[in-house]
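I have placed the structure first, in the form of structure tokens, so that the comments after it can refer back to it.
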Ligand SMILES: Nc1ncnc2c1ncn2[C@@H]1O[C@H](COP(=O)(O)OP(=O)(O)O)[C@@H](O)[C@H]1O
Ligand SMILES: Nc1ncnc2c1ncn2[C@@H]1O[C@H](COP(=O)(O)OP(=O)(O)O)[C@@H](O)[C@H]1O
Ligand SMILES: [Mg+2]
Ligand SMILES: [Mg+2]
Ligand SMILES: [Mg+2]
Ligand SMILES: [Mg+2]
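Residue numbers (my numbering), protein chains in the order written: chain A, 1 to 338; chain B, 1 to 338; chain C, 1 to 212; chain D, 1 to 212.
So this is what it looks like as structure tokens:
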């Protein structure tokens, strides 16, 4: 039993995910519902007959990811694991089956071994238990991690939001499972992200910082799981940090001059919005200097890491199809496009 | 010159407001613009001829308040002061004149002496310099502060968002200055808020916590300026905190059984969304127990206090007119209703 | 009565002194404000007086009244918060009293007008734990020293400084009724008011200028 | 070969031991995971084995294979993360090897199948700084002790524990190639792998059970 209360608005650490999901349904009863005895939320009207379903999920602690993006034009299902822990295969399988409207289900997976293994197992389970068609894409937009024999590949981070948006739009427009998978993959091939942490996050279970950062240190290249980054450097100004992140992202994407891009300056949960705007200011002026055209710029908390202070910069290189799909209307608790 | 970088995504502390405003315009160039040589943002298409303008403003550090609510159906102008410092009278006066579309301007003021004095002076200045009609309302929804001879009256906090929404809707529907002022005042008369801080915030200028809180202490009854609260108590569970806040709010409003309400669980900037949902879960179950009907429940960061961890609970008692105005479509950077 | 040029230099030297003092006391004032307010009073005052320095820098033909009016207007447009309209509005409107030059009588009128405007705008009585508590004894003492005791302005100012300091000390043990500190209720007791403290700084620098 | 009831009790006692051990090591495992992962391995394993305890509690007619399969299924549905499918999938599929009861040979087959499944699912070679580094020496040593050296299972297990411990120690000085720790690159060097450590805990408890 917990007697000391850590400084979080929680009751029992073990009840965090359950209570958060209930609170979310209470806030959005017309938009989402919870599958009985599970940590899966789905669109209120799921399954939507005759439409490909797009589902996602992962550890909790990244709110509004994932359930915040449930709704017309985006996700059909979101499986919530424990904090920072992949959801289990049987819950994902349940979600897949609950969301299938007869046209198949695309699973959007972030490239973490836990997620990949659990979703793959889930896909197999679901196909065994019903006749749903399951396809998947694996998002790996984190350029901080080298994709080499020496790592588990690049992580999936905030670029996932663009994947959800685009895949959900294609499904909403009536695309078949192949179409939906194709555009999701197109986003993955054209998106890159890098993040930084000014502070560690504190998980409800552990109750203290996941990693220690000195007074004047920051981590570059963090993921979204409170795992330490790839490099620890001295604290820098917002402009310098933005330069580091953006340069890595653009070096990876290497967009043609004149290319149109969509961007996200994403807060890690504990960062004031004012600071994210300061980062966006520098990001946009850098894009401008490189001759890139910003077609859309998002600033806010899209994929967080509990109470961590820090941000990530995401750039997606666009073509006409992606622009149309990004502009497609969407209505979800966390994102509305009209 | 600042050589040590505090752990914030900023450049110079003195440039925070300026750079944040530029970054905001860079993120929303089709929605907002900045008045030259000032810290005032207005709707891109301001002044809107033939419509009453609704303007607001106050110290910075509360993002997305105020400029996040600029747009059709909500605010026409937002004056940003330095962090936690009221904007100056001349900037407010400039804003009032820039937003006037010939039908007059309603100033929504939060009840802080600084804000009230600067806005009042501004209203006088504006009326002297042009023939704009200026009306005002003063929001004082914070039930933590007793309204007595011994205080400056109750503070204006997160209930202000409902005032902006309702007044902006009435203006958008073609109401005249009296109508707009009347519905704004109706919200003020029926809304109450109370907040708590688990941690202090850190202002860019000071670079360290505004107040010290022990490991196991929280402040009840904080405002949104990093000022200490009215009572310091031992850390409690989310349910207990929600009870304390909600009971005070409901005692103040004393709504009839069966009344319909709209609610906000507002994060103070550094609180994970998951925790706000846990608070919302308890709030909604308490409203249910009291026989109140939740017509709409908002959960998120609406009016923050930099990186402070904590939340506030706002309840607005509705009638048919307020429901219609709350449901009126709005499109702003921080709030979309379709 | 001194000539315009002398008066101008006296006012400018006072402005420089006050600006330097605010820079020096910035952290201290902010610390006081963080205990019972929102931790910005030092930054507010410093920002304001730095702007005043810049604005008055080129004003080589201005007389004392114009200079002081500029101080007020600048504070109004640069400071914000509660201190901006209070100090700014008071300097602005009281400056009219110096229209015919700086004399013992005109400075008394200035001081009274200043206090009136603060009370008019802020509606704080004495004992509400605000700058009024420091300003009131300073102004009353100055007036009495000149008008009743026939003291020289310098001596009167020295007495005013002492009175002002007592006013500042008085703010500590009382409960705030106005300003942000009032939200704290009884918890405001035991803390010195930042606005009263900045008032004392200003009065002290005026006295130092007069001594020169 | 022992009868079903004896085997059932042995498996249950092993389950109880492991569950108790995970509870005990929860913080330690999480600490290891916070250095190079995401600070949940202890909570994951503890949650999983508490659920296993509950699930197997009523199973009074089950044989060893069924019990072990239940361990796997439960871990799959309760743990999530990387550890869930790895441990869960392996217990589940390797349990088939115990279908004809617990013998020296069947436990060797079980151990090999377990290792195979971990490698199959997780695709980690030895030296990638994962549970594979602890599991491989343990399984290899156990097999050789039984098959080549004709040791009793208890003695073989004791050797396996020692081998496993060396595997855990081996994870510290090497760079991770798989799992979250791989994202750290060279910074993962110098930290002990949490999954390898939980593997050692399990093997140690199996050995203790065998001694009893
Ligand atoms: N109504 C008032 N009348 C007189 N002085 C006031 C009043 N309200 C506040 N003050 C003074 O203003 C000071 C605070 O100024 P400052 O911190 O710059 O503004 P804010 O409170 O808006 O942050 C207080 O310490 C107090 O002396
Ligand atoms: N591909 C893999 N193959 C084998 N073991 C792995 C693999 N990936 C991770 N592990 C093991 O899993 C452990 C982490 O488990 P856990 O913390 O529960 O999951 P997660 O990494 O998803 O948070 C690591 O310490 C490592 O031993
Ligand atoms: Mg994990
Ligand atoms: Mg202030
Ligand atoms: Mg202040
Ligand atoms: Mg882990």
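Here a beta-carbon is modelled for each residue, glycine too, at the ideal position from N, C-alpha and C.
TODO: Please list, in chain order, all residues with a C-beta atom less than 5 Å from at least one heavy atom of ligand 7.
DONE: Looking for ligand 7 in the displayed structure turns up nothing; the ligands present are ligand 1, ligand 2, ligand 3, ligand 4, ligand 5 and ligand 6.
Task: Option in 46/B, 31/B, 21/B with minimal Cα separation from residue 60/B - done: Start at 1 with the first residue of the second chain, and residue 60/B comes out as number 60. Ranking 46/B, 31/B, 21/B by Cα distance to residue 60/B puts 21/B first.
Task: residue 194/D Cβ short of 7 Å to ligand 2 heavy atom set - done: Taking the fourth chain and counting its residues from 1, the one referred to as residue 194/D is at position 194. Residue 194/D: yes, Cβ under 7 Å from ligand 2.
Task: Cβ pair residue 38/C, residue 210/B closer than 8 Å - done: For the purposes of this step, residue 38/C is taken as the residue at position 38 of the third chain. For the purposes of this step, residue 210/B is taken as the residue at position 210 of the second chain. Their beta carbons are under 8 Å apart, which means residue 38/C touches residue 210/B by this criterion.
TODO: Indicate, with yes or no, if ligand 5 has a heavy atom lying under 7 Å from the CB of residue 121/D.
DONE: Working through the fourth chain from its first residue, we reach residue 121/D at position 121. The answer is no for residue 121/D.
Task: Inter-residue Cα distance where the pair is residue 84/D and residue 266/A - done: As a first step, residue 84/D must be located in the fourth chain, where it is residue number 84. As a first step, residue 266/A must be located in the first chain, where it is residue number 266. Whole-angstrom Cα-Cα distance: 30 Å.
TODO: Report whether the distance from the Cβ of residue 85/B to the nearest heavy atom of ligand 4 is below 7 Å.
DONE: If you number the second chain from 1, residue 85/B lands on position 85. Answer for residue 85/B: yes, Cβ within range of ligand 4.
Open item on the list: Let's test the definition: count the other Cβ atoms within 10 Å of the Cβ of residue 53/A and tell me whether it reaches 16, buried, or not, exposed.
Closed with: Your numbering for residue 53/A matches position 53 in the first chain. Residue 53/A comes out buried.
Task: Strand pairing of residue 209/A, partner residues [DSSP] - done: Along the first chain, read from residue 1 onward, the residue named residue 209/A stands at position 209. Answer is 202/A, bridged to residue 209/A.
TODO: Evaluate residue 2/A with the Cβ neighbour count: other Cβ atoms within 10 Å of its Cβ, from every protein chain shown; 16 or more gives buried, anything less gives exposed.
DONE: In the first chain, the residue the question calls residue 2/A occupies position 2. Summary for residue 2/A: the model assigns pLDDT 38, below 50, so the residue's position carries little reliability; its value from the coordinates is reported in the next sentence. Counting of Cβ neighbours within 10 angstroms places residue 2/A among the exposed residues, the total staying below 16.
Task: Under 8 Å from the C-beta of residue 219/C: neighbouring residues of chain B - done: Residue 219/C cannot be examined here, being either before or after the span of chain C that is shown, 1 to 212.
Task: Interface partners of residue 117/C on chain B, CB under 7 Å - done: Here residue 117/C is taken as the residue at index 117 of the third chain, counted from 1. Correct list: empty, because the minimum Cβ distance to chain B is about 11 Å.
Open item on the list: Beta carbons nearer than 8 Å to chain A: which residues of the segment 13-37 of chain D have them?
Closed with: Result list: 30, 34, 35, 36, 37.
Open item on the list: Using only CA atoms, which one of 184/A, 174/A, 232/A, 182/A lies nearest to residue 197/A?
Closed with: Start at 1 with the first residue of the first chain, and residue 197/A comes out as number 197. When the alpha-carbon of residue 197/A is set against those of 184/A, 174/A, 232/A, 182/A, the nearest one is in 232/A.
- [ ] Note down, in chain order, all residues in the segment 232-255 of chain B with a beta-carbon under 7 Å from any beta-carbon belonging to chain A.
- [x] Cβ contacts with chain A come from 235, 236, 237, 238, 239, 241.
TODO: Kindly confirm or deny that the segment 317-325 of chain B and the segment 271-290 of chain B touch, where touching means at least three C-beta pairs closer than 8 Å.
DONE: Touching, no, given that fewer than three Cβ pairs across the two stretches are closer than 8 Å.
TODO: Would you tell me roughly how many angstroms separate the C-alpha atoms of residue 79/A and residue 101/A, rounded to the nearest one?
DONE: Working through the first chain from its first residue, we reach residue 79/A at position 79. Working through the first chain from its first residue, we reach residue 101/A at position 101. The alpha-carbon atoms of residue 79/A and residue 101/A are separated by roughly 18 Å.
Open item on the list: Classify residue 8/D: buried if its beta carbon has 16 or more other beta carbons within 10 angstroms, exposed otherwise.
Closed with: Here the question's residue 8/D lines up with position 8 in the fourth chain. Residue burial annotation: residue 8/D is buried, with at least 16 other C-beta atoms found within 10 angstroms of its C-beta.
- [ ] Would you kindly report the start and end of the unbroken beta strand (DSSP E) that includes residue 266/B?
- [x] On the second chain, residue 266/B is found 266 positions in, with the first residue counted as 1. Residue 266/B -> beta strand (DSSP E) spans 260-267.
TODO: Mark residue 111/D as exposed unless 16 or more other C-beta atoms lie within 10 angstroms of its C-beta, in which case mark it buried.
DONE: Translated into positions along the fourth chain, residue 111/D becomes position 111. Burial of residue 111/D is indicated by the presence of at least 16 other C-beta atoms within 10 angstroms of its C-beta.
- [ ] Pull up the CB-CB distance for residue 224/A and residue 235/A, whole angstroms please, since I reckon it's below 8 Å.
- [x] As a position in the first chain, residue 224/A is number 224, starting the count at 1. As a position in the first chain, residue 235/A is number 235, starting the count at 1. Contact doesn't hold; Cβ gap of about 21 Å is too wide.
Open item on the list: I want to see whether chain B comes within less than 8 Å of residue 146/C, judged by CB atoms only; does it?
Closed with: Position 146 of the third chain, counting from 1, holds the residue named residue 146/C. Chain B has no Cβ within less than 8 Å of the Cβ of residue 146/C.
Task: chain A within 8 Å of residue 281/B, Cβ atoms only - done: On the second chain, position 281 is the one that residue 281/B refers to. Taking Cβ atoms only, chain A reaches closer than 8 Å to residue 281/B, which makes this a yes.
Task: Cross-chain neighbours of residue 183/D in chain A, by beta carbon under 7 Å - done: Position 183 of the fourth chain, counted from the start, is the residue given in the question as residue 183/D. Within 7 Å Cβ-Cβ: 145, 151, 155, 223, 227, 230.
Open item on the list: For residue 71/D and residue 277/B, what's the separation of their Cα atoms in angstroms?
Closed with: What you label residue 71/D is simply residue 71 of the fourth chain in a count that begins at 1. What you label residue 277/B is simply residue 277 of the second chain in a count that begins at 1. C-alpha separation (whole angstroms): 34 Å.
- [ ] Determine, using beta carbons only, whether residue 318/A and residue 166/A come nearer to each other than 8 Å.
- [x] For the purposes of this step, residue 318/A is identified with residue 318 of the first chain, where counting begins at 1. For the purposes of this step, residue 166/A is identified with residue 166 of the first chain, where counting begins at 1. In this structure, residue 318/A keeps its C-beta atom at 8 Å or more from the C-beta atom of residue 166/A.
- [ ] Run down chain A in chain order and give the residues with a C-beta less than 8 Å from the C-beta of residue 299/B.
- [x] To locate residue 299/B, count along the second chain from 1; it is residue 299. Result: 23, 24, 27.
TODO: Using a Cβ-Cβ cut-off of less than 8 Å, give me the residues of the segment 188-214 of chain B that come near chain C, in sequence order.
DONE: Going along the segment 188-214 of chain B in chain order, one finds 203, 205, 206, 210, 211 with a Cβ nearer than 8 Å to chain C.
Task: Beta carbon proximity, residue 81/A to chain D, threshold 8 Å - done: Along the first chain, one-based indexing puts residue 81/A at 81. Chain D contact via Cβ: present.
Open item on the list: Considering just the uninterrupted stretch of the alpha helix (DSSP H) at residue 116/C, what are its terminal residues?
Closed with: Taking the first residue of the third chain as 1, we reach residue 116/C at position 116. DSSP places residue 116/C inside the alpha helix (DSSP H), whose first and last residues are 104-122.
Open item on the list: Check whether chain D comes within 8 Å of residue 38/A, counting only Cβ atoms and requiring the distance to be less than that.
Closed with: As a working note, residue 38/A is residue 38 in the first chain. So, not an interface residue.
Open item on the list: Would residue 164/C and residue 128/C qualify as a contact pair, given that the criterion is a beta-carbon distance under 8 Å?
Closed with: Along the third chain, one-based indexing puts residue 164/C at 164. Along the third chain, one-based indexing puts residue 128/C at 128. No. Outside cutoff.
TODO: Please confirm whether any heavy atom of ligand 2 lies closer than 7 Å to the CB of residue 75/D.
DONE: Taking the fourth chain and counting its residues from 1, one reaches residue 75/D at position 75. Incorrect: residue 75/D has no Cβ contact closer than 7 Å to ligand 2.
- [ ] Examine the Cβ distances between the segment 182-200 of chain A and the segment 115-130 of chain A and report whether three or more of them are shorter than 8 Å.
- [x] Result no; under three Cβ-Cβ pairs closer than 8 Å.
Task: 7 Å Cβ shell around residue 338/B - same chain, five flanking residues per side excluded - done: Stepping through the second chain from its first residue, residue 338/B is reached at position 338. So the qualifying residues of the chain are 329.
Open item on the list: Is there a Cβ of chain D sitting closer than 8 Å to that of residue 85/A, yes or no?
Closed with: Here residue 85/A refers to the residue found at position 85 of the first chain. Yes, residue 85/A counts as interfacial toward chain D.
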